[in-house]
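Chemist: Quick one: the structure is below, questions incoming.
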Amino acid sequence: MKPLILVRGGGDIASGAIYRLRRAGYPVVVNEIAIPTMIRREVSYGNAVHCGEMILERLVARHVCIGEIQDTLSQGVIPVVTSSYEELLDQLHPDVVVDAILAKKNLGTTRLDAPFVIGVGPGFSAGRDVNVVIETMRGHNLGRCIYDGEAQPNTGIPGNVGGYT
């Protein structure tokens with residue numbers, strides 16, 4: 000069995016990572032807040048909290064309670080759980096934690112949370128808070144794994160996509 004991965008956050012960027020991990024055969028559990036604040040709900044597995052289920056590219060995510068996680072995984076469905084992060088750590092003992100909340104700051108993720116911990120975007124320091132930081136700033140370094148140090152700081156300026164910001 001492949002290592003169990005717990006992803007904090009179910010927004011659009013997190014959902015891209017969730018999708019790739021699940022397609023690679025990893026069991027993935029998504030931890031989302033009770034009232035998700037993602038912007039691009041229609042491309043976010045976290046939207047399952049609102050809809051019950053969310054399907055992206057034929058991969059189904061379902062909002063479930065903590066006691067339904069194992070059954071949901073066995074069905075090939077991605078569980079989206081709104082239990083507290085601490086409760087999920089205690090119940091699941093994940094092999095990998097991916098903090099993809101994209102809060103621009105660390106909301107409490109530490110290297111002690113799992114054997115391997117990944118922070119997505121600014122707010123994490125590889126070697127201190129997490130094992131690896133993934134760069135999210137658009138440009139040449141987008142997606143780069145940082146093993147020592149931090150991602151580029153948040154500029155507060157949205158990226159230009161198709162002429163819109």
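Counting in numbering that gives the first Met the number 0, the sequence shown runs without a single skipped number right up to 164 at its last residue. Glycine included, each C-beta is placed from N, C-alpha and C at the ideal position.
Give the straight-line distance between the Cα atoms of E149 and V59, rounded to the nearest whole angstrom.
Modeler: 33 Å
Chemist: Mapping the DSSP letters down to three states, classify H49 as helix, strand or coil.
Modeler: helix
Chemist: Can the beta-carbon of Y44 be found closer than 8 Å to that of V79?
Modeler: yes
Chemist: As a quick exercise: from V27, P114, G142 and R137, pick the residue whose alpha carbon is nearest that of I156.
Modeler: R137
Chemist: Give me the Cα-Cα distance between R19 and C50, rounded to the nearest whole angstrom.
Modeler: 22 Å
Chemist: Considering only C-alpha positions, which residue in the set I100, V48, G66 and R21 is nearest to I133?
Modeler: I100
Chemist: Identify every residue that forms a DSSP beta bridge with S43.
Modeler: DSSP lists no partner for S43.
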